[in-house]
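The next block holds one structure in the form of structure tokens; read it before the comments.
There are 2 protein chains.
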Amino acid sequence: MATRQAPAKEKLIGAAVKVVREKGFNATSVDDLCREAGVTKGAFFHHFPTKVDLGIAAAEAWKLHANELFGGAPFMAAEDPLDRILGYLEFRRDMLDGPIGEFTCLVGTMVQESYDTLPALREACQDSIWGHALTLVDDIEAARVRHGVTGDWTAESLALHTQGVLQGAFILAKAADDPRAARDTADHLIRYVRMLFNLAPETKE
Amino acid sequence: MATRQAPAKEKLIGAAVKVVREKGFNATSVDDLCREAGVTKGAFFHHFPTKVDLGIAAAEAWKLHANELFGGAPFMAAEDPLDRILGYLEFRRDMLDGPIGEFTCLVGTMVQESYDTLPALREACQDSIWGHALTLVDDIEAARVRHGVTGDWTAESLALHTQGVLQGAFILAKAADDPRAARDTADHLIRYVRMLFNLAPETKE
DNA sequence: TGAAACATACCAACTGGTCGGTTTCGGAGT
DNA sequence: ACTCCGAAACCGACCAGTTGGTATGTTTCA
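Residue numbers (my numbering), protein chains in the order written: chain X, 229 to 433; chain B, 229 to 433.
Shown next, in the form of structure tokens:
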């Protein structure tokens, strides 16, 4: 059933994810991408009509990758939806470590450069961010019911807020060339969600 | 004392602030900047050795601009430091309106593209973000004392958190090509700060 | 009058993208 | 099993436009 995917296409998408996260979309040339993927320019333009089209494909791959990574993580096995949400946020906080280019967000980077000039890429980035954020909505709703929490906010806005805070954390990490401020910001986010659900502050080990 | 500044230099900095916010640093060419500023290339390279140096100058100008704008805003006259903080955050939330290129952050945009490739620009962006964030620290400390609030967080981390959330809000606005999600995120931030200081949720009019 | 401010023509390197070609490969016919 | 075929995959030389930056001026002004 699954038609055997040509390797060059996948290698180019992988190269885009890696290099664009480091250098940004505009600063990454087609030659850079071909070199990183070990592929020629002919192969590039056989699979993608333009460089932007590779960016769009990378944004789609990024969404699939994220939903797979987090959807299959251990914390998702928790019975209480609130534990799944907090597990997700703690997982994301703990990821903020090591080389900056390895934990930051491809589509957050790309959308900064493209929102006004490359509408198709902007839309792909929105789809990627929203597509991941919305996977949290059901658990937030369920947690609200289970814990009897109301408040003047929607589950969707809280889901997007978590993504926004993480995007902001990436910027702080990039600016400082150090992930500490990013982790502090994630801690504030976790503290906020706990307070929304009337939980005591996270205990430190 | 103030040596009469040559207009070309200022015009170029102004042009950089405007165009880079729209198109990003890398996608903005020297010719773009000269055209926008109404200045020739000769003038450009007379005042700035390289394009990156203009970016750095723009980052510095941006910090001054921000601290002037917010430091002189009406909410700063409030007597209670907590009111000044909340006034600041509400002001920033209310700014999230109109064309996206007019409320987003220059240095947040630039640092995404430069953190790994242009260390001098990255540092200027950090200085700009941190330099603004730190103007909030004294009020946060004072509010903590005044309202008897402790908790497992530092004033500096909360100040940086506010900037991080705003940076994330800009990304959401750019991705959606719409500021609504950004305002929702700012509302969550305000709700968080109010909860930290044991205030009731913001009343809507 | 001398230095700083500004202008214009120019350049080598690089940009995204094209184009004519060769190689690879799954299946159809025998 | 073997050949053959057409399409898809892949190659690399090439191109016109743009890039950041330079060289050589002329103008402005204290």
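Glycine included, C-beta positions come from ideal geometry on N, C-alpha and C.
What you are looking at is a predicted structure, and each value in this text was computed from that prediction instead of being measured.
So, is residue i buried or exposed, given that buried needs 16 or more other C-beta atoms within 10 angstroms?
i	result
X/Asn254	buried
B/Met229	Residue placement at B/Met229 cannot be trusted, given a pLDDT of 35 that sits under 50; what the coordinates show is reported in the next sentence. With fewer than 16 other Cβ atoms within 10 Å, it is exposed.
X/Thr296	At residue 296 of chain X the sequence reads Glu, which differs from the Thr that was named. The residue is exposed, with fewer than 16 neighbouring Cβ atoms inside 10 Å.
X/Glu330	exposed
B/Arg411	buried
X/Leu208	This structure gives no information on residue 208 of chain X, because the portion of chain X shown stretches from 229 to 433.
X/Pro309	buried
X/Ala305	exposed
X/Gly396	buried
X/Val373	exposed
X/Ser342	buried
X/Arg263	exposed
B/Asp406	exposed
Alpha carbon to alpha carbon, how far is residue j from residue i? Give it in angstroms, no decimals.
i	j	result
B/Asp282	X/Thr431	This sequence places Leu at residue 282 of chain B; Asp is not what is there. Near 47 Å, if we compare the C-alpha coordinates of X/Thr431 and B/Leu282.
B/Lys251	B/His375	44 Å
X/Thr382	B/Gly315	24 Å
B/Ala401	X/Arg350	11 Å
X/Ala285	B/Ala428	46 Å
X/Ser355	X/Val335	The question names Ser, but residue 355 of chain X is Asp in the sequence shown. One C-alpha to the other measures close to 10 Å.
X/Phe298	X/Gly266	30 Å
X/Gly270	X/Asp259	11 Å
B/Gly392	X/Pro347	25 Å
X/His389	B/His275	42 Å
X/Met323	X/Gly359	20 Å
X/Thr231	X/Lys279	Only weak support is given to the placement of X/Thr231: the predicted model assigns it a pLDDT of 45, under 50, and the question is left unresolved by the model.
B/Asp415	B/Val421	10 Å
B/Phe273	B/Lys239	14 Å
X/Arg320	X/Glu384	19 Å
B/Leu424	X/Leu261	47 Å
X/Asp380	B/Arg408	16 Å
X/Ile399	B/Ala361	14 Å
X/Glu433	X/Glu318	Since pLDDT at X/Glu433 reaches only 49, below the 50 mark, its modelled position is unreliable, and the value read off the structure follows with that caveat. Each residue's alpha carbon lies about 14 Å from the other.
Which chain X residues sit within Cβ distance under 7 Å of residue i?
i	result
B/Met423	Met423
B/Glu250	Asp344
B/Thr337	Gln340
Chain B partners of residue i, CB-CB under 8 Å?
i	result
X/Ser385	Ala409, Asp412, Thr413, Asp415 and His416
X/Arg350	Lys402, Ala403 and Asp405
X/Ile262	Correcting the residue type first, residue 262 of chain X is Cys in the shown sequence and not Ile. Neighbours of X/Cys262 on chain B: none; closest Cβ ~19 Å, over 8 Å.
Identify the contact partners of residue i in chain X, using a Cβ-Cβ distance below 9 Å as the criterion.
i	result
B/Asn254	Lys251, Gly252, Phe253, Asn254, Ala255 and Glu341
B/Ile357	Ile399, Leu400, Ala403 and Ala404
B/Ala380	In the sequence under discussion, the amino acid at residue 380 of chain B is Asp, which differs from the Ala named in the question. What B/Asp380 touches in chain X: Asp415, Arg419, Pro429, Glu430 and Lys432.
So which residues of chain X does residue i contact, with C-beta pairs closer than 8 Å?
i	result
B/Leu388	Leu400, Ala409, Asp412 and Thr413
B/Leu394	Gly396
For this session: Taking only runs that begin and end inside the stretch 252-316 of chain X, name each unbroken alpha helix (DSSP H) of 4 or more residues, in chain order.
Result: 258-265, 269-275 and 279-299
For this session: Within the stretch 367-419 of chain B, note down every full alpha helix (DSSP H) run reaching 4 residues or more, in order along the chain.
Result: 383-404
Problem set entry | Residues within the stretch 317-334 of chain X neighbouring chain B, beta-carbon criterion of under 9 Å | Ile328, Gly329, Thr332 and Cys333
For this session: Output, in sequence order along the chain, the residues in the stretch 359-371 of chain X whose CB is closer than 7 Å to any CB in chain B.
Result: none
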